[in-house]
Each structure stands twice: as C-alpha cells, then as structure tokens.
Amino acid sequence: MEFANPLGLLGLVALPAIIAIHLYHRRFPPLLVAGLHLWGAEVRVPTAGRKRERLPISSSLILELLAALLLTMVLAQPRVSDSGKVLHLIAVLDDSASMAAVSADGTSSRDRAIVELARRMKDAPRGSRTTLILSGHRPVMLAGPAVEWDVAELSLSDWNPTLPGHDILPALDMAVQLAENGGQVVFLTDSLPEDDQPFPKEAEVFAVGESLSNVAITAARWTIDSATLVGHVFLRVRNEGPRPAVVTVEGRSSDQVVFQSKLELSPNDERSLEADVPGGLGRLVVSVKGAKDSLSVDSRVSLVEPKVRTVRVAIDLPDGHSADGPVRHALSVAADVELTDASVAHLTVESAEALPESRRDLWWLGIGPVDSSDDAIKSARDILGPYLKEKRDPLLEGVSLGGVIWGGVQPLTVAATPVISAGRELLLSRLDGTRTTALVLNIDLGRSNLPESPDWPILINNLIEQRRNSLPGLRRWNYRLNEDIQFPLFEGLLEPSESAGRSLTLRSIVGDATDSEPAKTRERNLARAAVVEIPQLDQTGFFQVNDGQKVLGEFAVNFFDSTESDLTKLRSGNRKPPVDDSGTAYSIDNPFTWAILAGLVLIMILAFVDWYVVGSRRSLAA
1218 MEFANPLGLL
1228 GLVALPAIIA
1238 IHLYHRRFPP
1248 LLVAGLHLWG
1258 AEVRVPTAGR
1268 KRERLPISSS
1278 LILELLAALL
1288 LTMVLAQPRV
1298 SDSGKVLHLI
1308 AVLDDSASMA
1318 AVSADGTSSR
1328 DRAIVELARR
1338 MKDAPRGSRT
1348 TLILSGHRPV
1358 MLAGPAVEWD
1368 VAELSLSDWN
1378 PTLPGHDILP
1388 ALDMAVQLAE
1398 NGGQVVFLTD
1408 SLPEDDQPFP
1418 KEAEVFAVGE
1428 SLSNVAITAA
1438 RWTIDSATLV
1448 GHVFLRVRNE
1458 GPRPAVVTVE
1468 GRSSDQVVFQ
1478 SKLELSPNDE
1488 RSLEADVPGG
1498 LGRLVVSVKG
1508 AKDSLSVDSR
1518 VSLVEPKVRT
1528 VRVAIDLPDG
1538 HSADGPVRHA
1548 LSVAADVELT
1558 DASVAHLTVE
1568 SAEALPESRR
1578 DLWWLGIGPV
1588 DSSDDAIKSA
1598 RDILGPYLKE
1608 KRDPLLEGVS
1618 LGGVIWGGVQ
1628 PLTVAATPVI
1638 SAGRELLLSR
1648 LDGTRTTALV
1658 LNIDLGRSNL
1668 PESPDWPILI
1678 NNLIEQRRNS
1688 LPGLRRWNYR
1698 LNEDIQFPLF
1708 EGLLEPSESA
1718 GRSLTLRSIV
1728 GDATDSEPAK
1738 TRERNLARAA
1748 VVEIPQLDQT
1758 GFFQVNDGQK
1768 VLGEFAVNFF
1778 DSTESDLTKL
1788 RSGNRKPPVD
1798 DSGTAYSIDN
1808 PFTWAILAGL
1818 VLIMILAFVD
1828 WYVVGSRRSL
1838 AA
C-alpha cells in the first residue's frame, strides 16, 4: 500500500495524546456520606485529583483511538501499490553522438544506459514489457511497442549514437502518448537538461554521463581554383578539455599522405589550419591523431573534391547598348563564368524589347530600355526611391540599393511578378506565363548610378549562382549531418529511353576510404523527380547517387557540432517526475476513502451509544 499524501500520517500523533488523557484523568468527586465515623479510621479513601494509574481499557478509549486512526487514513489517502503489477517501461534513448564518448574504463554513456535499462527490467515484475525510442528530429522506435526485454536487448546491439544536437521533445511526446495506459517514461541521457528546458512532467530523466576531454575538427572546407585546379583545404581544430594537447592533423587520399601538420592546443583552444592539395584527388580523409580521443566521430572528416561548375553566359545586346559594358565588367569578377554563344549558353542577356521564347531550360535577362523609341526614352522616369524589395528572393541577398538612382524607367506592359518596385513601377520583375526563367531589368544603365554601386556586381553574381544551382547534378559536395540535400535532375540530363527501367539509388560507402580493401556499400532507392530530395542523413562518410550504373554525383557527410564535441559538460544524475499536487488535496474518489469514512460514521454512532448507556447508568446510580 502507498499513500498519496504521506504528510497526513502526522495525524498518528493524536494516538498517544488520547492515551495520555485517559491515563491522567480526574477521579470521582468527593461524596458526602452520613456517619463517616462508622467506617473506621484505618480505611483510607483515595483523594480526588490528577493521578497516574493503570490505563483503563474502556469502550470510550477504543472508540477514540479508532476515530483518530481513521481520520489519519483519510488525510494520508492510501492507495494500492503498483509494485505487483506488470510494468510497461517506455525508454527514450538519447541518440546524440556524445553518448558514444568512451571513458577511461572503456565504457560509454551508451553502455551505462543499457546497464541501467537491464537493471530496471530485472527488478520489474515478471511479464513486464518495454518500448525503446531513439531521439532525433524524426524519432525512431528501436524496439516495440511493448516487447519483452530479451527482444529489446537484441535491438540495442544495433544502437550506435551519432547524431548532432537535436530536439528531444518529439521522442518524449511519442513516449508520453504510449504511456497513457499506465506506462512509465524514462529519458536516458548523458547530462540533465536545464531547469528552464520544456520537459514532460510524466518523464523521469536518468543521466549517466561523465566529464571527458576531447579534441575535435569543428569545421572543414575544400575549395578548387578553377584556373589552376589546385585545391585548398581549410580546417578548424579545437581542444575541448582542461589540459593542453599536442595533435597531428593528417590528410590522406587512398594510401597517400597528402599533408601533415602538428598543432599545440591550449585548454579550450581552437586553431586554424590551411593546406594546399593537388587537383584530381577525388576524395580526402582528414584525421586528428596523438591526443586522448574520447569521441571518434568528430576526429575525422571525409571530403569530396569540389567540381568546377562553369556557367556559360551569352551577351546578345545591340551595338552601343548602355548595359553592355556594365554586364561584361560584373561577369569578369564573378567566379567560374564563361562567355559563349547563345546556342550553348546557360544564361542569355538581351535587350528587354525582345521577349524570349518559352523554353524550360532557358534562363533569360532582359535589360532596358523596354522601348527604345525616342518618345518612350524622353518620357522615361528617374526614380530615387524608396524601393520595395522581395526580401525572400535569393536574387536580392546582400542588395541594399542605398543611394541608387534608378534611371530610364518605363511602363511595363507584360504580366510580371515584382522583385524590386517603386510605387506601381516594376523595376526588376519575373515574367509570368512562360516556361522560361525570364527577368526584366527595367532600367537605362546610362541614366543610372547602379553600375557604380556595390549592388550591381552583387545582383549579377546572385543571378549567376541561382543559375549554377539550377544546373543538373549536386550543388555542393560536402554536407553536415541532418542537412537537407537537393539537386536538380532535369529531363535533359538523361534521355527517357536511356533511363527507362533503371532505379535512382543512394549508395553509402561504409568504412575507411583509405583502406586497401574495398569498402562495403549500402544502397537505398530515391524518388526520381525534377529535383531529387535526399532525406536527412544520420551517417557520416562518402555517398554516391547512381542512375543504374551511371554515377550522377558523389558527396560527403560529416559531423560538425561543437556543442556535442564539448564533453566537459556531461554529468550523471536523476530527476524524478514531479509529484502530482492533486495528491495533497482532499478527495474521496478512492475506494479506501469511502471505506474509512463509513467506518468513521460507525464509530461516531457507537460513541453516541456508549455515552448514552454510561450516562443512563450514572443517573440510576445517583
């Protein structure tokens, strides 16, 4: 039996008080009797007053003790214990990478969490069940729902925490829903959450962490000079620990050491490292060696050599057009741009007077004047602002238009969606009703100071990058864990007949790419679409996107999370679910309470009968 309000048991102090009252009570008062001298002087009559004597066992004493005991039970609210019932334990396992950090004794927080789970299930009643849930942006049910411990224990052998920091509430919400029918929820982690962190009141937190030192690669980038094809690797290495560390940073491609450097790191110190690498390596594995490493996932990065994605631009402007010089100058400072013929161009720049043909693979920029007639040019307006910008449009990233005079503005007679406007005037807009990605720049650059503004090269560069990102194939080659990956797969990339019957797959390369033995691979299917979307990956390493046997692209995924790499914050502890405040309130919904109240009423009746009978006897005696 358990008590909902254990403080109610303080009412038991009334029991000795009642007994004391009956031990020290006033005897019968003196009674005058005629002829007292006839009793004899040797007979001693007890005097009245307070005196300790043997406890008189009377019906009044018994009834008073029972009444006090029952009132105490009402206040304490007894409950039947659940210790004998079958337990359903819903365990949420922290799937963050820090759970895999290894202590000096060779165990990790993951190992200690499994030991704690095994202990709880061993102490649980026979027939108890468990459900295991892995935390993450998308919670995963590792075992369950409600399976025996033997089954759940086998599933734990596949648990390998590798995720960066994430929100644990989705997994806890799932656990609370599963516990609605009487289950118990426990969150096993390596550090207690902050007090102000939202947390379900039904869940217990059990932390098994231990403060550790760690050296981690917190950032890595590989760039290529398109002119020389020489690569440049940038790294940041951090010492997450209270003691100095001396490490060796090594870059390898296959079995070849590409670069090697020694770093001396002070406590909580971060250092940068740069190295030039030759082109054509394809893959590069960078690792940190020499320090006591508690966490392996942040001590190594896999990098894929970036590809040069040149954007071919055709400038087809009339002779003497005011935009010819500014456009060529802006393109000359943009990276990986090639001026070419319109037949093979990715982007065509023309006069805004001629509308483009409707083609899905065509990108077109028309620059004004939109009407080159003398009357139209004379009636054109020069605008000083204010300008209304679509801030969410990537074309305008970094564009401020401060102090810009927008010259030669003419009415736009075609349907378009504004990107930049001033009142009713469309200054930069996207044409509607065409499959072409067409932009109209309603401006006479000869009457505007926009070409002298920093906004001009920024605007042209944003357009080039948008076009580059729309080209078939991967937009980037190196990503973080849980980062969204998308890349265009246009119809023109592969002929329909060529790709018929072939599946689009994602192949993950498991193991060290520097090993002489072939790496193991795992494949999963991808949905074929104009834009391929790869779900957030929870595994580091190299990946390939294949259309049948044709490799469409290769990329790498790495762990970069300074918060998870900081193992000094790990602690052990236990936080029980808060006590339900309703337990301290008076309630009679418990069957025990009804029985106690009925007994209390019966005692009151018996006490009245006892008082009545004793009172009648005293009256008769008098």
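Here this note's numbering is used: the sequence shown runs in plain steps of one and ends on residue 1839.
The C-beta atom is built at its ideal place from N, Cα and C for all residues, glycine as well.
Restricting to Cα atoms, I'd like to know which of the options is closest to residue i.
{"i": "residue 1376", "options": "1679, 1661, 1740 and 1359", "result": "1359"}
{"i": "residue 1473", "options": "1494, 1457 and 1479", "result": "1494"}
{"i": "residue 1513", "options": "1320, 1744, 1824 and 1309", "result": "1320"}
{"i": "residue 1634", "options": "1697, 1610, 1678 and 1772", "result": "1610"}
{"i": "residue 1631", "options": "1620, 1744, 1644 and 1623", "result": "1644"}
{"i": "residue 1724", "options": "1618, 1396, 1783 and 1760", "result": "1760"}
{"i": "residue 1608", "options": "1620, 1596 and 1637", "result": "1637"}
{"i": "residue 1416", "options": "1384, 1705 and 1291", "result": "1384"}
{"i": "residue 1676", "options": "1477, 1534, 1616 and 1702", "result": "1616"}
{"i": "residue 1756", "options": "1439, 1463 and 1380", "result": "1380"}
{"i": "residue 1238", "options": "1281, 1604 and 1618", "result": "1281"}
{"i": "residue 1600", "options": "1395, 1461 and 1622", "result": "1622"}
{"i": "residue 1423", "options": "1432, 1406 and 1433", "result": "1406"}
{"i": "residue 1789", "options": "1540, 1426, 1478 and 1539", "result": "1426"}
{"i": "residue 1367", "options": "1353, 1345 and 1352", "result": "1345"}
{"i": "residue 1820", "options": "1432, 1287 and 1535", "result": "1287"}
{"i": "residue 1602", "options": "1639, 1334, 1581 and 1580", "result": "1639"}
{"i": "residue 1787", "options": "1410, 1223, 1328 and 1231", "result": "1410"}
{"i": "residue 1594", "options": "1655, 1541, 1550 and 1659", "result": "1659"}
{"i": "residue 1355", "options": "1364, 1370, 1311 and 1324", "result": "1311"}
{"i": "residue 1795", "options": "1330, 1420, 1276 and 1303", "result": "1420"}
{"i": "residue 1698", "options": "1541, 1548 and 1776", "result": "1776"}
{"i": "residue 1224", "options": "1295, 1655 and 1754", "result": "1295"}
From residue i to residue j, what does the alpha carbon distance come to, in whole angstroms?
{"i": "residue 1662", "j": "residue 1444", "result": "31 Å"}
{"i": "residue 1510", "j": "residue 1481", "result": "15 Å"}
{"i": "residue 1731", "j": "residue 1522", "result": "In this predicted model, residue 1731 has a pLDDT of only 41, less than 50, meaning its place in the structure is not dependable; the value taken from the coordinates is given anyway. Their backbone Cα atoms lie some 15 Å apart in a straight line."}
{"i": "residue 1748", "j": "residue 1689", "result": "9 Å"}
{"i": "residue 1388", "j": "residue 1347", "result": "15 Å"}
{"i": "residue 1803", "j": "residue 1293", "result": "Because residue 1803 carries a pLDDT of 40, less than 50, the predicted location of this residue cannot be relied on, and the following value inherits that uncertainty. C-alpha separation (whole angstroms): 9 Å."}
{"i": "residue 1229", "j": "residue 1290", "result": "9 Å"}
{"i": "residue 1309", "j": "residue 1743", "result": "30 Å"}
{"i": "residue 1681", "j": "residue 1545", "result": "13 Å"}
{"i": "residue 1278", "j": "residue 1408", "result": "56 Å"}
{"i": "residue 1518", "j": "residue 1525", "result": "22 Å"}
{"i": "residue 1713", "j": "residue 1745", "result": "Since pLDDT at residue 1713 reaches only 49, below the 50 mark, its modelled position is unreliable, and the value read off the structure follows with that caveat. Using only the alpha carbons, I get a separation of about 12 Å."}
{"i": "residue 1305", "j": "residue 1361", "result": "11 Å"}
{"i": "residue 1442", "j": "residue 1372", "result": "48 Å"}
{"i": "residue 1751", "j": "residue 1666", "result": "44 Å"}
{"i": "residue 1885", "j": "residue 1349", "result": "Lying before the first or after the last residue shown, residue 1885 is absent from the chain, which here runs from 1218 to 1839."}
{"i": "residue 1457", "j": "residue 1396", "result": "39 Å"}
{"i": "residue 1729", "j": "residue 1478", "result": "The pLDDT assigned to residue 1729 is 48, lower than 50, so where the model puts this residue is not dependable; a value taken from the coordinates is nonetheless given after this. If you take the alpha carbons of residue 1729 and residue 1478, they lie about 21 Å apart."}
{"i": "residue 1543", "j": "residue 1552", "result": "16 Å"}
{"i": "residue 1466", "j": "residue 1337", "result": "44 Å"}
{"i": "residue 1352", "j": "residue 1307", "result": "13 Å"}
Who are the Cβ neighbours of residue i in its own chain at under 8 Å, not counting the five residues just before and after it?
{"i": "residue 1557", "result": "1529, 1530 and 1531"}
{"i": "residue 1597", "result": "1586, 1624, 1625, 1626, 1627, 1661 and 1664"}
{"i": "residue 1235", "result": "1278, 1281, 1282 and 1285"}
{"i": "residue 1653", "result": "1573, 1574, 1575, 1576, 1577, 1579, 1580 and 1581"}
Within the same chain, show all residues whose beta-carbon is closer than 6 Å to that of residue i, passing over the 5 residues directly before and after it, in chain order.
{"i": "residue 1657", "result": "1569, 1583 and 1646"}
{"i": "residue 1459", "result": "1484"}
{"i": "residue 1429", "result": "1318, 1511 and 1784"}
{"i": "residue 1741", "result": "1723"}
{"i": "residue 1779", "result": "1435"}
{"i": "residue 1563", "result": "1528, 1529 and 1684"}
{"i": "residue 1651", "result": "1575"}
{"i": "residue 1446", "result": "1496"}
{"i": "residue 1322", "result": "none"}
{"i": "residue 1720", "result": "1742"}
With a threshold of 7 Å on Cβ separation, who are the neighbours of residue i within its own chain once the five nearest residues in sequence on each side are excluded?
{"i": "residue 1686", "result": "1692"}
{"i": "residue 1799", "result": "Only weak support is given to the placement of residue 1799: the predicted model assigns it a pLDDT of 38, under 50, and the value that follows is read from those uncertain coordinates. So no residue of the chain qualifies."}
{"i": "residue 1781", "result": "1313, 1314, 1315, 1381 and 1382"}
Quiz item: Do the segment 1625–1635 and the segment 1500–1510 touch if we need at least three Cβ pairs shorter than 8 Å?
Solution: no
Quiz item: In the segment 1434–1485, which residue ranges form an unbroken beta strand (DSSP E) of at least 3 residues, counting only runs that do not cross its ends?
Solution: Listed in chain order, they are 1448–1457, 1462–1470 and 1473–1482.
Practice problem: Let me know the beta strand (DSSP E) ranges lying completely inside the segment 1282–1318, each 3 residues or longer, listed in chain order. | Solution: 1305–1310
Exercise. Taking 8 Å as the threshold, find out whether the segment 1765–1776 comes into contact with the segment 1389–1396 through three or more Cβ pairs.
Key: no
Quiz item: What are the complete alpha helix (DSSP H) segments, minimum 4 residues, inside the segment 1577–1602?
Solution: 1591–1596
Exercise. Scan the segment 1636–1720 and note each continuous alpha helix (DSSP H) run of 4 residues or more that stays entirely inside, going in chain order.
Key: 1672–1687 and 1713–1716
Practice problem: Could you pull out every unbroken beta strand (DSSP E) segment of at least 3 residues lying fully inside the segment 1323–1377, listed in chain order? | Solution: 1346–1351 and 1357–1364
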